[in-house]
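Protein chains in written order, with our numbering: chain A, 1361 to 1722; chain B, -4 to 190; chain C, 14 to 172.
All C-beta atoms, glycine included, are put in the ideal place defined by N, C-alpha and C.
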Amino acid sequence: MYVAVKGGERAILNSHKLLDEERRGDPRVPTLGLNQIEQQLGRAVDRVMTEGALYDRHLAALAIKQAQGDLVEAIFLLRAYRTTLPRFGYGVAIDTAAMAIRRRISATFKDLPGGQVLGATFDYTHRLLDFSLAGEHDSPPAAAVGPAPLDAAMPRVVDLLNLEGLIEEERPDPAKDRVSDLTREPLGFPAPRDMRLQNLARGDEGFLLGLGYSTQRGYGRNHPFAGEIRVGEVAVAFVPEELGFAIEIGEVTLTECQMINQFKGSKSHPPQFTRGYGLAFGHSERKTMAMALVDRALRGQELGEDGEAPAQDAEFVLYHSDNVEASGFVQHLKLPHYVDFQSELVMVRAMRAAQGEAAADD
Amino acid sequence: MAVTGPRPGFTAPVLACQQTFRSLLTAIAHPGRVMAVGTPLDPPLPLGLASAAILLTLADMETPIWLGGAGEEAAQFLQFHSGAPIAKERAQAVFAFVARASDLPPLVHFNAGSDASPERSATLIIEVDGLVAGQGRRLAGPGIEGETRLDVAGLDGGFWDAWRRNGARFPMGVDVIFTAGDRLAALPRTTIERS
Amino acid sequence: MTIEQSNGNSAAAETVLRQHWISVLAKANGRALELAYGDLAEPPSHERLRGPETGMVMVRGRAGGSGDPFNLGEMTVTRCTVRLADGQVGHGYVAGRDKRHAELAALFDALLQDPARRPSLTRSLIEPLLATQAAILAERARKAAATKVEFFTMVRGES
């Protein structure tokens, strides 16, 4: 039985007003500008763009402001907004080897062409709260400027140092003529790698971080090394139908992680280093590392590995990675379930009564 | 220098698409009712105002359009403004535009969807010589109270037999939108013609 | 070389030039284009054939950086197509949602296709924009270079 209940309209309207007032906070405090969010909460903007699957710093900042800093809510807002925009087409696959590098490190090769470039990283900070930021004055000294720019060519480490072919190579399959697109088709199994990578790129950072961590702790261990992490700007090219040739339409900041994993070999594959891949908008290092670990774990089957750890289970991982879906389904439990609950109540009472009668009979 | 490039599309695309969509929705909800498209648009022939407005409103890069009896200029106009590819085969089309009703290919050449996904079928936009409600063929079915009448000028006599066979494939089948200049009327697959 | 080949080559060279200025115009600051438009001796009249309209382009990566392509996520893009009074058509595609930027990029694309206007516009607009973009890149690359690790080899024990 389904009984529709009406009412609560005024309560909802007033709840929205209260929400707005709470979002604004004390009106004596200046309102937060979107440029402040863009400039000073850049990592939050990056995460919202990556998981919202839409690169637009200004819109991500607006979503963060509207969501009062609740990033999963902001991601939802961005995903909802993108459905209102027409799709002009698919870009030409970006070339991360041509990235204008801000940061590039390798944990496997100390001396690499172009060098280890730390860029701006939390890695060597002491994680001590800096109370000087609590004041009004926040003018750090200018960053050091090197006498010369970085080498123009910063090749991808794993392509360059492919030690006697011991690292698996990634080459496009010339026979493959279409690319899966989760914004147009539902997830299907077995999910090809392009579909998995798109799902993981949009996937919740916390969920992937936990899964990646689980592989390190032994649930589907895959012996990873951070072959290379790079952050910087890459040009996006697009071929408009009316021009018939590729044009660059702008650039995006990306983070890429190449994980190299030791592999003992299987019936179908020789012993070698295999690879896991992570790519995300903005400076999203933790996300791309987790993504690369999970990507590698999900490749177990194609590499002939046996394993049933959570991170190796494609259905488990891919069906639960999306925080917009997950948040929606978990939070829908707040909606009225009065009738469902009443019917269960009747059933439990009946079971209790039956149990009581059975006990009395004994 | 000669004038190059396609003609302009809608001047206010959002508003024009909403208005066109509203007319179309009403027409489909009330088969046989003749609606007018009021938005300004100057498409290249043989596209009419209504047929061009419908295609610019509904088509996009994922809906191939098959063109019957329309030249290169019309194809470029549609591609440029809607982003839709031009389908080489009738069966690939999500939308089809037929410039002259008398040249209409057999309906079975177009995608009728499947029993599992009947909504994946093609929608045919057929330019006719005139549309007059209240006279002509007697139509019945969902969206029509009792019976309504629609006169479609310039339609081949065999069309209504083909339409009956199309209806027999329900839930599969194609849907038709007749256009005549700025006028349009819809014939969804559920509409029955009583001769 | 036959005449046809020579035409083919010059068309290819023309495409390369056009790709270059379209890219520079797209990456430019919208305000810089507005200033350049204000500096035009005779601002040309133009009609809009399409847009300016905002939509999205799907950004694609490659598995492992070099393997099969996959869809990473979309980016907002604004495009515009204009026609000058003399019939020349120009296209603008710019990342983001700045409609005026897309329209001006289309307008300058149309103007730059005119052989009479190209040399002066290249000098007054494209080259300075390119220099600005290169300077920003170089500054960023020098800041990154300052964080490059110089390893020392610690010699232990007796040689």
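- Using a CB distance below 8 Å, the part of the stretch 60 to 90 of chain B facing chain C consists of 75, 76, ordered along the chain.
- DSSP lists C:93 as the bridge partner or partners of residue 105 (chain C).
- Residue 132 (chain B) is not a Cβ neighbour of residue 105 (chain B), given a cutoff of 8 Å.
- By the C-beta density criterion, residue 1598 (chain A) is buried, having at least 16 other C-beta atoms within 10 angstroms.
- Secondary structure at residue 1555 (chain A): helix, using DSSP grouped into helix, strand and coil.
- Residue environment analysis places residue 114 (chain B) among the exposed positions, since fewer than 16 neighbouring C-beta atoms fall within 10 angstroms of its C-beta.
- Using a CB distance below 8 Å, the part of the stretch 1428 to 1450 of chain A facing chain B consists of 1446, 1447, 1448, 1449, ordered along the chain.
- Residue 159 (chain B) and residue 88 (chain B) have their C-alpha atoms spaced approximately 22 Å apart.
- Interface annotation, residue 87 (chain C): in contact with chain A, CB-CB separation under 8 Å.
- For residue 1402 (chain A), there are no neighbours in chain C by C-beta distance under 7 Å, as the nearest C-beta there is about 15 Å away.
- When the beta-carbon positions are compared, residue 113 (chain C) and residue 68 (chain C) stay at least 8 Å from each other.
- Neighbours of residue 109 (chain C) in chain A, taken as residues whose beta carbon is under 8 Å from its own, are 1416, 1418, 1610 in chain order.
- Between the C-alpha atoms of residue 1389 (chain A) and residue 1494 (chain A) there is a straight-line separation of about 15 Å.
- Residue contact check for residue 1646 (chain A) against chain C: no CB pair falls below 8 Å.
- Spatial neighbours of residue 1417 (chain A) in its own chain (CB-CB distance under 6 Å, excluding positions within 5 residues in sequence) are listed in chain order as 1398, 1405.
- Residues of the stretch 1522 to 1544 of chain A that bring their beta carbon within less than 7 Å of a beta carbon in chain C comprise 1530, 1531, 1532, 1533, 1536, 1539, 1541, in sequence order.
- Residues of chain B whose Cβ lies closer than 8 Å to the Cβ of residue 1601 (chain A) are, in chain order, 74, 75, 78.
- No Cβ-Cβ contact shorter than 8 Å links residue 104 (chain C) with residue 1446 (chain A).
- Between residue 154 (chain C) and residue 1461 (chain A), the alpha-carbon positions lie close to 7 Å from each other.
- Of the candidates B:138, B:122, B:117, the residue whose Cα lies closest to the Cα of residue 161 (chain B) is B:117.
- Shown here, residue 1447 (chain A) sits in a strand according to DSSP, grouped into three states.
- Within chain A, 1446, 1447 have C-beta atoms less than 8 Å from the C-beta of residue 55 (chain B), given in sequence order.
- Using a CB distance cut-off of 8 Å, residue 22 (chain C) does not count as an interface residue toward chain A.
- Against chain C, a Cβ distance below 8 Å from residue 1618 (chain A) picks out 77, 78.
- Of A:1633, A:1434, A:1592, the smallest CA-CA separation from residue 1526 (chain A) is found for A:1633.
- Fully contained in the stretch 1361 to 1434 of chain A are the following alpha helix (DSSP H) runs of length 4 or more, in chain order: 1369 to 1384, 1394 to 1400, 1402 to 1412, 1417 to 1426.
- Within chain B, the residues whose beta carbon sits less than 7 Å from that of residue 102 (chain C) are -1, 0, listed in sequence order.
- Contact of residue 120 (chain C) with chain B is not assigned, every C-beta pair being separated by 8 Å or more.
- Here residue 95 (chain B) has 64 as same chain residues with Cβ atoms under 6 Å from its own Cβ, once five neighbours each way along the sequence are excluded.
- Of C:63, C:45, C:53, the smallest CA-CA separation from residue 131 (chain C) is found for C:53.
- Using a CB distance cut-off of 8 Å, residue 125 (chain C) does not count as an interface residue toward chain B.
- Nearest to residue 1659 (chain A) by C-alpha distance, out of A:1435, A:1678, A:1480, is A:1678.
- At the C-beta level, residue 121 (chain C) and residue 38 (chain C) come within 8 Å of one another.
- DSSP places residue 59 (chain C) inside the beta strand (DSSP E), whose first and last residues are 59 to 75.
- Residue 1655 (chain A): member of the alpha helix (DSSP H) spanning 1645 to 1658, first to last residue.
- For residue 149 (chain C), the enclosing alpha helix (DSSP H) begins and ends at 140 to 158.
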